[in-house]
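Colleague: The listed protein sequences correspond, in order, to chains S and D.
The UniProt record's numbering applies: residue 1 is where the first sequence begins, and numbers increase by one.
The UniProt record's numbering applies: residue 1 is where the second sequence begins, and numbers increase by one.
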Amino acid sequence: MKFAVKAWSNGKARAGILQLGSCPHNIETPALLLTTRKGLPVYIPPDHLPSLPSPDSNLLHFSPLHFLEGISLKAISNIGGLHPLLGLHDHIMVAVPRDSIISIPDHDSTNRIGASFETPCGRMLIKPADYMEMISSMRPNLWATLADEVPAWASEKRNKASVERTLKWLDECITSNSTDGAVLGSVVGGSRVEQRRSCAQEVARRNVEGFWIGGFGLGESMEERNPLLNAVMDSLPEEKPRLISGLGLPEEVLQGVAAGVDLFDSTYIYHLTLGGFALTFPLESIEKQVTKHQPNSNSGCDGTKINLKCFTCQNHTKAYINHLLNVHEMLAHILLEMHNTHHFLGFFRSIRAIHEGKFEQFRQKFIGSRHEQLFSAALSV
Amino acid sequence: MALRFEILGRFNRARAAQLILPHYECQTPLFMPVGTQGTIKGLTTHQLEDIGCQIILGNTYHLALRPTSELIDELGGLHKFMNWPRALLTDSGGFQMVSLLHLADITEKGVTFQSPVDGKPMLLTPEESIQIQNRIGADIIMALDDVVKTTITGPRIEEAMYRTLRWIDRCIAAHKRPHEQNLFGIVQGGLDPVLRDICVRGLVERNLPGYAIGGLAGGEDKDSFWRVVAQCTAALPEHKPRYVMGVGYPLDIVVCSALGADMYDCVYPTRTARFGTALVPEGVLKLKHKAMEDDMRPIDPTCDCMVCKTYTRAYIHCLVTKDAMGSQLLSYHNLYYMMKLSRDLHSSIVEGWFPEFVCQFLQKMFPQGDVPEWVCNAMEVAGIDISSCCAPFSSIPNKVEDTQNQEVKQ
Numbered sequence: 001m002k003f004a005v006k007a008w009s010n011g012k013a014r015a016g017i018l019q020l021g022s023c024p025h026n027i028e029t030p031a032l033l034l035t036t037r038k039g040l041p042v043y044i045p046p047d048h049l050p051s052l053p054s055p056d057s058n059l060l061h062f063s064p065l066h067f068l069e070g071i072s073l074k075a076i077s078n079i080g081g082l083h084p085l086l087g088l089h090d091h092i093m094v095a096v097p098r099d100s101i102i103s104i105p106d107h108d109s110t111n112r113i114g115a116s117f118e119t120p121c122g123r124m125l126i127k128p129a130d131y132m133e134m135i136s137s138m139r140p141n142l143w144a145t146l147a148d149e150v151p152a153w154a155s156e157k158r159n160k161a162s163v164e165r166t167l168k169w170l171d172e173c174i175t176s177n178s179t180d181g182a183v184l185g186s187v188v189g190g191s192r193v194e195q196r197r198s199c200a201q202e203v204a205r206r207n208v209e210g211f212w213i214g215g216f217g218l219g220e221s222m223e224e225r226n227p228l229l230n231a232v233m234d235s236l237p238e239e240k241p242r243l244i245s246g247l248g249l250p251e252e253v254l255q256g257v258a259a260g261v262d263l264f265d266s267t268y269i270y271h272l273t274l275g276g277f278a279l280t281f282p283l284e285s286i287e288k289q290v291t292k293h294q295p296n297s298n299s300g301c302d303g304t305k306i307n308l309k310c311f312t313c314q315n316h317t318k319a320y321i322n323h324l325l326n327v328h329e330m331l332a333h334i335l336l337e338m339h340n341t342h343h344f345l346g347f348f349r350s351i352r353a354i355h356e357g358k359f360e361q362f363r364q365k366f367i368g369s370r371h372e373q374l375f376s377a378a379l380s381v
Numbered sequence: 001m002a003l004r005f006e007i008l009g010r011f012n013r014a015r016a017a018q019l020i021l022p023h024y025e026c027q028t029p030l031f032m033p034v035g036t037q038g039t040i041k042g043l044t045t046h047q048l049e050d051i052g053c054q055i056i057l058g059n060t061y062h063l064a065l066r067p068t069s070e071l072i073d074e075l076g077g078l079h080k081f082m083n084w085p086r087a088l089l090t091d092s093g094g095f096q097m098v099s100l101l102h103l104a105d106i107t108e109k110g111v112t113f114q115s116p117v118d119g120k121p122m123l124l125t126p127e128e129s130i131q132i133q134n135r136i137g138a139d140i141i142m143a144l145d146d147v148v149k150t151t152i153t154g155p156r157i158e159e160a161m162y163r164t165l166r167w168i169d170r171c172i173a174a175h176k177r178p179h180e181q182n183l184f185g186i187v188q189g190g191l192d193p194v195l196r197d198i199c200v201r202g203l204v205e206r207n208l209p210g211y212a213i214g215g216l217a218g219g220e221d222k223d224s225f226w227r228v229v230a231q232c233t234a235a236l237p238e239h240k241p242r243y244v245m246g247v248g249y250p251l252d253i254v255v256c257s258a259l260g261a262d263m264y265d266c267v268y269p270t271r272t273a274r275f276g277t278a279l280v281p282e283g284v285l286k287l288k289h290k291a292m293e294d295d296m297r298p299i300d301p302t303c304d305c306m307v308c309k310t311y312t313r314a315y316i317h318c319l320v321t322k323d324a325m326g327s328q329l330l331s332y333h334n335l336y337y338m339m340k341l342s343r344d345l346h347s348s349i350v351e352g353w354f355p356e357f358v359c360q361f362l363q364k365m366f367p368q369g370d371v372p373e374w375v376c377n378a379m380e381v382a383g384i385d386i387s388s389c390c391a392p393f394s395s396i397p398n399k400v401e402d403t404q405n406q407e408v409k410q
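#1: In chain order, what residues of the same chain have a beta carbon less than 6 Å from the beta carbon of G246(S), not counting five sequence neighbours either side?
#2: With DSSP collapsed to three states, give me the class of S116(S).
#3: DSSP beta-bridge partners for P105(S)?
#4: What residues in the region 134 to 154 of chain S bring their beta carbon closer than 8 Å to a beta carbon of chain D?
#5: Name, in chain order, the residues that DSSP records as bridge partners for W143(S).
#6: Please classify A16(D) as buried or exposed, where buried requires at least 16 other C-beta atoms within 10 Å of its C-beta.
#7: Quick check: the region 145 to 156 of chain D against the region 217 to 231 of chain D, are there 3 or more CB pairs under 8 Å?
#8: Run down chain D in chain order and give the residues with a C-beta less than 8 Å from the C-beta of Y43(S).
#9: For D294(D), go through chain S and note every residue whose CB falls closer than 9 Å to its CB, in chain order.
#10: Can you tell me whether C266(D) is buried or exposed? The criterion is at least 16 other CB atoms within 10 Å of its CB, across all chains shown.
#11: Which residue's Cα is closest to the Cα of H62(D): L48(D), A87(D) and S115(D)?
#12: For the beta strand (DSSP E) containing S9(S), name the first residue and the last one.
#13: Kindly indicate which residue of I299(D), V117(D), D295(D) and I157(D) has the alpha-carbon position closest to the one of V284(D).
#14: Could you tell me the distance, in whole angstroms, from the CA atom of L243(S) to the CA atom of S342(D)?
#15: If you count every other CB in all the chains shown that lies within 10 Å of the CB of N207(D), and 16 or more means buried, which is it?
#16: To be precise: take each residue of the region 47 to 79 of chain D, compare its Cβ to all Cβ atoms of chain S, and keep it if any distance is under 8 Å. Which residues remain?
#17: Does Y320(S) come within less than 8 Å of chain D when only Cβ atoms are used?
#18: My output table needs one value for V267(D): the three-state DSSP class, helix, strand or coil.
#19: Mind checking M222(S): buried by the 16 CB within 10 Å criterion, or exposed?
#20: Give me the Cα-Cα distance between T44(D) and E158(D), rounded to the nearest whole angstrom.
#21: Under three-state DSSP, which class holds F275(D)?
#22: Between G137(D) and H79(D), how many whole angstroms is the CB-CB distance? I'm expecting something under 8 Å.
#23: When we look at the beta-carbon of I113(S) and count the other beta-carbons within 10 Å, is it buried (16 or more) or exposed?
#24: Quick check on V244(D): buried or exposed, where buried means 16 or more other Cβ atoms within 10 Å of its Cβ?
#25: Are there three or more Cβ pairs, one per stretch, closer than 8 Å when the region 137 to 154 of chain S is compared with the region 117 to 124 of chain S?
#26: Would you identify the three-state DSSP class for S299(S), choosing helix, strand or coil?
#27: Determine the direct distance from the alpha carbon of L324(S) to that of P67(D), and round the result to whole angstroms.
#28: Going along chain S in order, which residues have a C-beta closer than 7 Å to the C-beta of Q37(D)?
#29: I'd like the list of long-range same chain contacts for S191(S), defined as Cβ closer than 7 Å, with 5 residues on each side in sequence excluded.
#30: Can you give me the start and stop residues for the beta strand (DSSP E) that F95(D) sits inside?
#31: Classify S54(S): buried if its beta carbon has 16 or more other beta carbons within 10 angstroms, exposed otherwise.
#32: What would DSSP say about Q195(S), mapped onto helix, strand or coil?
#33: Once you ignore the five residues that flank D56(S) on each side, which residues in its own chain have a CB closer than 6 Å to its CB?
#34: Please report the distance separating the alpha-carbon of N182(D) from that of Y211(D).
#35: Would residue 411(D) and T112(D) qualify as a contact pair, given that the criterion is a beta-carbon distance under 8 Å?
#36: Between the region 314 to 324 of chain D and the region 353 to 360 of chain S, do at least 3 Cβ pairs fall closer than 8 Å?
So, in structure tokens, the structure goes:
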């Protein structure tokens, strides 16, 4: 893995380039990791993945815990890991145990032996050795070390224990690592600035290629989050990428970008899709840019692909999707996930496009217009 | 009439044809997947085109309830509403009322049923069924028939057959778009050859664009089933399409095609997919089975579909019945299998090797040579020699056949 920061905006926000062996194109950051279930998007069928913007859609988040039952690690290992198992050879697979949907850290049951998660096959205690066996069988491109995540209301003592365990497991994971995937050292510390800082400083000393920032989106408010994010980011070296979990809403993503986060895994698309919602907030800047440069083509000369309209909007009406939702048809979710993914990737593209020192301006404008939009939507109900 | 039916090749009673409908030129024999509510569950219309689907079925009853035929009409018809450029067929709505609603009462006027929306009694007449189907706008529409369970016997069968004949005239009179939509009549008459004969004659007199054989695939024994199909296909006009309603098991389709039928529909391939079962040349493969856990082969190594080219049984095993993607991928494979079967039937008839195809098909499904007796009987009538794939002596005990022949229609 190679990563380079290429531009800064308003102090901390940054734009970068991520390069990975298996992906033919460079990934520009800030970027979104798509949510998957057992490695594939929840509803978008694999033959429709090429209709998504590329290479933007090539980053996939997965939880190794999704494979706790149904297929053996040996079978996954024998076939050569997740890429061949899923037939996604050009995609970048990023392993993080928590998916915030069906694999949730359970801090009450986590102990010094391992981290506990609520999963579809019940509550599971995952030891560092178990986790590393999963990683070596699945061979992700990037993987976060096993962490003990605690919610915002955890006691100081519990929080301190989580930092100690996370660091201990980090060392164990690195020592027993036998894969060539890039290691993201896990940073925790709950809602205590001091713990956040010391954890980040400790992890920064380890031999890791990037950082996974855990423990967010677990009950803290957006205001509480800023000092915590700053404490972490200030302690991490600039030249390594930072992935965060638990920041999903557009406003939260902007908060993360402002603090210096490069990669996001977000359950926003999943929840919107499940609830029958389609993203519609305007993405003016990017649409203008695309129209100007590629008036007659969907493909750029660099092999990248930007369709102005997603598959769903090219082929189907709101009336049809409304009908599908009314009669509980699976196609509604397939079409909405395609649309929302396309749109949210467009949002990340906008974030990257305005990175010429004007990030804070974009952020304020976006939040302002979204407040207006939400307000008028609330009035029209 | 809004279709052309050109026979391209024959083998005895079997025929391969080009069926030219307003929205698509189809190759028969063909299987029509069921898209009850304006979508084939879990598949996009692009995928259906990739798979090679030619006609898909919509259920009038469901569509009339939601989103309503008026809305579909306002938005330009079902083709446009669901963005399906190829052919569509709608049923009359009568079957669902009888099968889904316990309180359906059939009188000369029509089918009275309790509205699932507000519980009030409602009446579906032949005129109304056609009017709704005219609004939906499918290439083929079906006459409202009086459906009775095949397992019922006695005067009710006769009554239903005569009523179906009386209703066909009301359907024809009510049909407002005969140049854009083809009204098919439905042969009823239970398992009684005399009643079936009267019904076929009556319908043929009406000179309809095509004919369906109804009232089958509802739990009757297989010998009765194929005999009714054989009788009807023999009596129906040669130059018009013949559609056996509710048939979807690959074996049944092969037998009916040998007997001269052209079109089939069933929820079986997609429904069984959602329950974790894949269709394969050997029969079925239950992906839920523990033995699949470490099976690194594709579902069907001889299949060229996207799923078989990409995924192992082990991976599908960990998805089925837990994740939406399991249903989606298996539905894709199963429909691909059905379309491949349709194409193979068509090309083997056109190219003159239909008997060989039938034998290969039976050999794979019955490697021990234990071809069910009803299949042997039907093939004899169809004039297809399958002795090469039947066991040399008839001492093999008949397999407990038709275990899957439960009610699979909706």
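Positions of the beta carbon are idealized from the N, C-alpha and C atoms, including for glycine.
Modeller: The answer reads as follows:
#1: Counting from one through the first sequence, the residue named residue 246(S) turns up at place 246. So the list reads F216 and G217, once near-sequence residues are dropped.
#2: If you number the first sequence from 1, residue 116(S) lands on position 116. DSSP places S116(S) in strand when its eight states are reduced to three.
#3: Here residue 105(S) refers to the residue found at position 105 when the first sequence is read from its first residue. In DSSP, P105(S) forms a bridge with F117(S).
#4: none
#5: The sequence position of residue 143(S) within the first sequence is 143, counting from 1. BP columns for W143(S) point to A95(S) and V183(S).
#6: Looking up residue 16(D) in the second sequence gives position 16. With 16 or more Cβ atoms within 10 Å of its Cβ, A16(D) is classed as buried.
#7: yes
#8: Indexing the first sequence from 1 puts residue 43(S) at position 43. Those within 8 Å of Y43(S) in chain D are A324, M325 and Q328.
#9: For the purposes of this step, residue 294(D) is identified with residue 294 of the second sequence, where counting begins at 1. Per Cβ cutoff of 9 Å: I71, S72, K74, A75 and N78.
#10: Looking up residue 266(D) in the second sequence gives position 266. Classification of C266(D): buried, given that the 10 Å Cβ count is 16 or more.
#11: Residue 62(D) sits at position 62 when you count from the first residue of the second sequence. The residue with the shortest Cα to Cα distance from H62(D) is S115(D).
#12: Indexing the first sequence from 1 puts residue 9(S) at position 9. Run containing S9(S): K2 to S9, per the beta strand (DSSP E) assignment.
#13: Indexing the second sequence from 1 puts residue 284(D) at position 284. It is I299(D) whose Cα lies nearest to the Cα of V284(D).
#14: Translated into positions along the first sequence, residue 243(S) becomes position 243. Translated into positions along the second sequence, residue 342(D) becomes position 342. Approximately 50 Å between the Cα atoms of the pair.
#15: Translated into positions along the second sequence, residue 207(D) becomes position 207. By the neighbour-count rule (16 or more Cβ atoms within 10 Å), N207(D) is not buried but exposed.
#16: Q47, D50, H62, R66, P67, L71 and L75
#17: Working through the first sequence from its first residue, we reach residue 320(S) at position 320. It does; some Cβ of chain D falls within 8 Å.
#18: Looking up residue 267(D) in the second sequence gives position 267. V267(D) falls in the coil class under three-state DSSP.
#19: The residue labelled residue 222(S) in the question sits at position 222 within the first sequence. Answer is exposed; the Cβ neighbour count stays below 16.
#20: For the purposes of this step, residue 44(D) is identified with residue 44 of the second sequence, where counting begins at 1. For the purposes of this step, residue 158(D) is identified with residue 158 of the second sequence, where counting begins at 1. T44(D) and E158(D): Cα-Cα distance of roughly 43 Å.
#21: Taking the first residue of the second sequence as position 1, residue 275(D) is located at position 275. Coil, per DSSP.
#22: Stepping through the second sequence from its first residue, residue 137(D) is reached at position 137. Stepping through the second sequence from its first residue, residue 79(D) is reached at position 79. Yes, G137(D) and H79(D) are in contact; Cβ-Cβ is about 7 Å, under 8 Å.
#23: Here residue 113(S) refers to the residue found at position 113 of the first sequence. With fewer than 16 Cβ atoms within 10 Å of its Cβ, I113(S) is classed as exposed.
#24: As a working mapping, residue 244(D) is identified with position 244 in the second sequence. By the neighbour-count rule (16 or more Cβ atoms within 10 Å), V244(D) is buried.
#25: no
#26: Along the first sequence, one-based indexing puts residue 299(S) at 299. Note that S299(S) scores a pLDDT of 40, beneath 50, so its modelled location is shaky and nothing firm can be said.
#27: The residue you call residue 67(D) lines up with position 67 of the second sequence. The residue you call residue 324(S) lines up with position 324 of the first sequence. Roughly 9 Å separates the two Cα atoms.
#28: Translated into positions along the second sequence, residue 37(D) becomes position 37. By Cβ distance, chain S contributes V327 and E329.
#29: For this step, residue 191(S) is matched to residue 191 along the first sequence. Excluding positions up to five away in sequence, the list reads A152, E220, E224 and L228.
#30: The residue you call residue 95(D) lines up with position 95 of the second sequence. Careful: F95(D) lies outside any beta strand (DSSP E), inside the alpha helix (DSSP H) at G94 to L100.
#31: Numbered from its first residue, the first sequence carries residue 54(S) at position 54. Classification of S54(S): buried, given that the 10 Å Cβ count is 16 or more.
#32: Position 195 of the first sequence, counting from 1, holds the residue named residue 195(S). Helix.
#33: What you label residue 56(S) is simply residue 56 of the first sequence in a count that begins at 1. Result list for D56(S): L345, in chain order.
#34: Within the second sequence, residue 182(D) is the residue found at index 182, counting from 1. Within the second sequence, residue 211(D) is the residue found at index 211, counting from 1. One C-alpha to the other measures close to 10 Å.
#35: Given that chain D is displayed from residue 1 to residue 410, the structure contains no residue 411(D) and the question cannot be resolved.
#36: no
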